[in-house]
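Enquirer: Protein chains in written order, with the numbering used here: chain A, 1 to 549; chain B, 550 to 822.
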Amino acid sequence: MDIQLQIDRTFPEQLQKRLDQNGPFCAYELFKMAYDTAKHLAIPGFKGLVTPDYLPHMEFLPHQLECARQVVENMNGRAILADEVGLGKTIEAGLILKEYMIRGLAKKVLILVPASLVNQWVSELNEKFYIPAVPQKKSYVFEQFDIVVSSIDTAKRKPYSDIVLNQHYDMVIIDEAHKLRNHKTKNYQFVRKLKKTYCLLLTATPVQNKLTDIFNLVTILKPGYLGSYEEFTEHFGRKKNVLKQEEKLQQLIQNVMVRNRREDTGVNWTKRNIETIWVEFSDEEYEVYLDLEKNVSHTDPFTALTLKREFCSSREACYLSLKKILQKNDHHLKGSIENIIEKIEGLPHHSKAKKVAELIRNSDEKFIVFTEYRASQLYLQWILQQHGISSVPYRGGYKRSKKEWMKQLFQNHAQVLISTEAGGEGINLQFCRNMIHYDLPWNPMRLEQRIGRIHRYGQSKDVHIYYLALKNTLDEQLLSLLYEKLDLFERVIGELDDILERLNIQNLDEEIKEIFARSKSAGEARIKIDNLTAAFHDVTEYPARGGRI
Amino acid sequence: MKQHDIHHFLRKYFDLNQCPVIDEQNGKITVRLTEELDRLLMNRPFYWEYMKKIGRQGEPAVITFISNPELKEEEGEWIHFGSPRLHQIFDSLLSQGKYTVVYEQTGTKGQNTPLIPWLVTNIKISYKGRQKKDEVLSIGLHLINGAILKPFMEIINPIQMDTAIADYCYTISPLIRVQSAYTRMVRFLETYLKEKDTEWAKEAFDEYQAEKQLLDHFYSVYQEKGEKEGKETRFEEELVQLKKRLMPCIQIEVVNGGMFYLSQHTTDHLLSL
């Protein structure tokens, strides 16, 4: 076999030139030292990682080293890093990048991460890995620096996009890559267009809703590896074939994806205490809740579901939606809604919010409160302030600098950080160990992402997780039907994507919402959720052969 | 490079660069840099620019490096293999120590001694397949009779060499020009490489072909469906990257090299090895 030879041709000319001009030449000792240096820097073997020798101050965990080794040795530098939240995917990516840099295979590198994480990536790469990464601030950064960390939204915007798409990157790293699961989005198209040799996609949830999520991610790494889109959906997308074909699919995916679970890592994780706190609506509040159920549900079950959830969160959240409905002229519910609004306006404090204030006031420690609604976020801030508790808001829509600032404020000054769902990803808050789920999301996967912000590698204390739930409401239904019954977090998380795929559930959020909206009674919802969870149990009790993905 | 070698290495480096050593303990060294080294290591071009502008002599920095783990807490910069500072020094060494002309110090007195020219190149061979590894090889070529020896630097290590020619010595002019000597070395390397195990390259090539098939298939599906727009260029781009990633190749790069003049006696001895 002929192997291509790339030969340095400039040396003899350069030497001849110097001989003709009588120099300059270096001292013999210097010449010998340079030769010795080259020997020191030569990498003697194909196998293994040399990075740990270069970073004696770092203590890598075994699963992190193993992950990096696999990607470099077996996956040829294109892989999905899909460890569970908090196991150190950034560290793994840093290890792999450093290894390629030391071996002289990566020089020009682009790292795309959520805006709120840009600074954190830059400092981790610089401090832990001595990788001179630079945050994108001005357009010239993309051209003038070799290793740039940017948000995807900035990189894909003009005039940056033209610059970025013209570069040849030795390596592209994308954090929170599950956001690329839809191949029709601009972000996805942009990433596919990047000229890249090696590529790492980081996500804790490679399959969030649909099996095609994984197809789209793999296609960024290796187009054709899972066939064309049509072939893939035909082979794996139809219900009948899923179980039969699955083993083959798992095998395929194992070749491009590394996934570690908490329990596989051999690390002693701090404990996670979960507590549900029950709250009762006041009589006046409950009356409004029942009104929503009675007067809206029969005509418009989806709207009623939304309104009820909002009302379980705050009057304000529900009030805004009601106002919006009224703005539509001649709404068939006009009369009953006006009636409800009137009652809402007369209500005192929300019972759940009061409970939160009480819970936090009894502690000196920091808390993170998650809510689904912005109106509730504002209301909570206000009510906490009334109780003499300092808090800062946090939203996904904040600019990078503002997110950083809010995190700093929380760390140094405020007792509470109130975050909306969008803020759940991307910030690490290991300095806090208490988390309150003020509202419960439909999709339990989201909860794990929230909890992962504090219960991660680097958390030194046991963490406390509180669910707040209103008795005799949707909260209770959600909690008892989904959360407790499934004890979803402790057992299924991490496997959930796998399970959904086997059950051919396209979108869990929609599936659950559908069940609640379509059921005429709590009893009916219970039966349907029972059926769903029974299917979950079946799948977990008879795991597919050949290991899980 | 082991941690305890670093101190010795630094000492030598600063001596060679004429930096006065202010203090030295076991694994801790304080030196005053020269202007040249300050510019190279301290990353403060504005300071030097400013000094030049106001017509003053700048003052090179005094810097302390600690390589002994037991002294890590003391004042100074902790330095280890992998630390950016050490690699900065490595880089500077590689560019400073690239070309040389040296003469054997024969020690013969009152007797005219001819010195035979050798071309010496130290070469880094990088094998790039699915991963990459390097080999450093030192080759010497006798510029009169074309004999080739390796590993040259290791073999002549005991011999005293210097950039100044010794008294009573004179050099013989080479018969083989540098350019053609280099070509001969490359041919020698090609033979050397042919005899080596190429399993790594085969492995990479097989992998390349397997991935290329997938790529061909993936894009042909879209071709059939008439979705050609933009796909053509993307396919080519993917192919370029695939080749870059998996097509096996060997890179030959000269670390440093120069003319070495050795006595007849030494040359005879080397050729008899």
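Quick reminder that beta carbons are idealized off the backbone N, C-alpha and C, glycines included.
None of these values were measured; they are calculated from a predicted model.
In chain B, what lies closer than 7 angstroms to A:P441 by C-beta?
Expert: Result: empty, since nearest Cβ-Cβ is about 36 angstroms, beyond 7 angstroms.
Enquirer: Along chain B, which residues have their Cβ under 8 angstroms away from the Cβ of A:D83?
Expert: Here the premise fails: no neighbours, minimum Cβ distance about 23 angstroms.
Enquirer: At what residue ranges does the region 432 to 460 of chain A contain a whole run of the beta strand (DSSP E), taking only runs of 3 or more?
Expert: 434 to 437
Enquirer: Contact defined as beta carbons within less than 8 angstroms: I believe A:V172 pairs with A:K196. What is the distance between those atoms, to the nearest angstrom?
Expert: 4 angstroms
Enquirer: For the alpha helix (DSSP H) containing B:E622, name the first residue and the last one.
Expert: Unbroken run through B:E622: none, as it is neither H nor E.
Enquirer: Apart from the five residues just before and just after A:E490, which ones in its own chain have a Cβ nearer than 6 angstroms to its Cβ?
Expert: With a pLDDT of only 42 at A:E490, under 50, the local geometry of the prediction cannot be trusted, and no value is derived from it.
Enquirer: For B:L565, which of helix, strand or coil comes out of DSSP?
Expert: DSSP places B:L565 in helix when its eight states are reduced to three.
Enquirer: Using three-state DSSP, classify A:Y225 as helix, strand or coil.
Expert: Three-state result, A:Y225: coil.
Enquirer: Taking contact to mean at least 3 C-beta pairs separated by less than 8 angstroms, is the region 802 to 810 of chain B in contact with the region 641 to 658 of chain B?
Expert: yes
Enquirer: Let's test the definition: count the other Cβ atoms within 10 Å of the Cβ of A:Y169 and tell me whether it reaches 16, buried, or not, exposed.
Expert: buried
Enquirer: Buried or exposed: A:H178, going by 16 or more other Cβ atoms within 10 Å of its Cβ?
Expert: buried
Enquirer: At a CB distance below 8 angstroms, what residues from the region 745 to 756 of chain B approach chain A? Give them in sequence order.
Expert: T747, W749, A750, K751, F754, E756
Enquirer: With a threshold of 8 angstroms between beta-carbons, can B:V570 be considered close to chain A, or not?
Expert: no
Enquirer: For chain B, find out if any of its Cβ atoms is closer than 8 angstroms to the Cβ of A:R103; answer yes or no.
Expert: yes
Enquirer: For the region 704 to 720 of chain B, enumerate the residues whose C-beta is nearer than 7 angstroms to any C-beta of chain A, in chain order.
Expert: The residues in question are M710, D711, T712.
Enquirer: Shorter than 8 angstroms from the beta carbon of B:E682 to some beta carbon of chain A?
Expert: Glu is not the amino acid found at residue 682 of chain B; the sequence shown has Lys there. It does; some Cβ of chain A falls within 8 angstroms.
Enquirer: Tell me whether A:Y582 sits in a helix, a strand or coil according to DSSP, three-state version.
Expert: Residue 582 of chain A is absent from the model: chain A starts at 1 and stops at 549.
Enquirer: In terms of residues, what are the limits of the alpha helix (DSSP H) holding A:C199?
Expert: Per DSSP, A:C199 belongs to no alpha helix (DSSP H); it is in the beta strand (DSSP E), 195 to 202.
Enquirer: If you measure beta-carbon to beta-carbon, which residues of the region 575 to 602 of chain B are closer than 8 angstroms to chain A?
Expert: none
Enquirer: Using DSSP with H/G/I as helix, E/B as strand and the rest coil, what is A:Q386?
Expert: helix
Enquirer: For B:L692, which residues of its own chain have a beta-carbon under 7 angstroms away from its beta-carbon, when the five flanking residues on both sides are left out?
Expert: Taken in chain order, the residues that qualify are P666, W667, L668, P723, L724, I725, A730.
Enquirer: Since B:C871 is in the alpha helix (DSSP H), which residue starts that stretch and which ends it?
Expert: For chain B, the structure presents residues 550 to 822; residue 871 of chain B sits outside this window and is missing.
Enquirer: Does the beta carbon of A:N76 sit closer than 8 angstroms to a beta carbon anywhere in chain B?
Expert: yes
Enquirer: Closest by CA to A:K32, which one among B:F754, B:K561, B:I603?
Expert: B:K561
Enquirer: My understanding is that B:G678 touches B:W749, with C-beta atoms under 8 angstroms, so please give their C-beta distance in whole angstroms.
Expert: 4 angstroms
Enquirer: Tell me where the beta strand (DSSP E) around A:L81 begins and ends.
Expert: 78 to 81
Enquirer: For B:S687, which of helix, strand or coil comes out of DSSP?
Expert: strand
Enquirer: Taking all protein chains shown into account, decide if A:Y457 is buried (16 or more other Cβ within 10 angstroms of its Cβ) or exposed.
Expert: Residue environment analysis places A:Y457 among the buried positions, since at least 16 neighbouring C-beta atoms fall within 10 angstroms of its C-beta.
Enquirer: Under three-state DSSP, which class holds B:W667?
Expert: strand
Enquirer: Could you pull the start and end residues of the beta strand (DSSP E) that B:F614 belongs to?
Expert: 611 to 615
Enquirer: Could you pull out every unbroken alpha helix (DSSP H) segment of at least 4 residues lying fully inside the region 172 to 196 of chain A, listed in chain order?
Expert: Taking only runs of at least 4 residues, the alpha helix (DSSP H) segments lying wholly in the region 172 to 196 of chain A are 186 to 193.
Enquirer: What is the residue span of the alpha helix (DSSP H) that B:Y596 lies within?
Expert: 594 to 602
Enquirer: Chain A partners of B:T740, CB-CB under 9 angstroms?
Expert: Residues of chain A whose Cβ lies closer than 9 angstroms to the Cβ of B:T740 do not exist, since the nearest Cβ in that chain is about 12 angstroms away.
Enquirer: Between which residues of its own chain and A:Q14 is the CB-CB distance below 8 angstroms, once the five residues before and five after are set aside?
Expert: none
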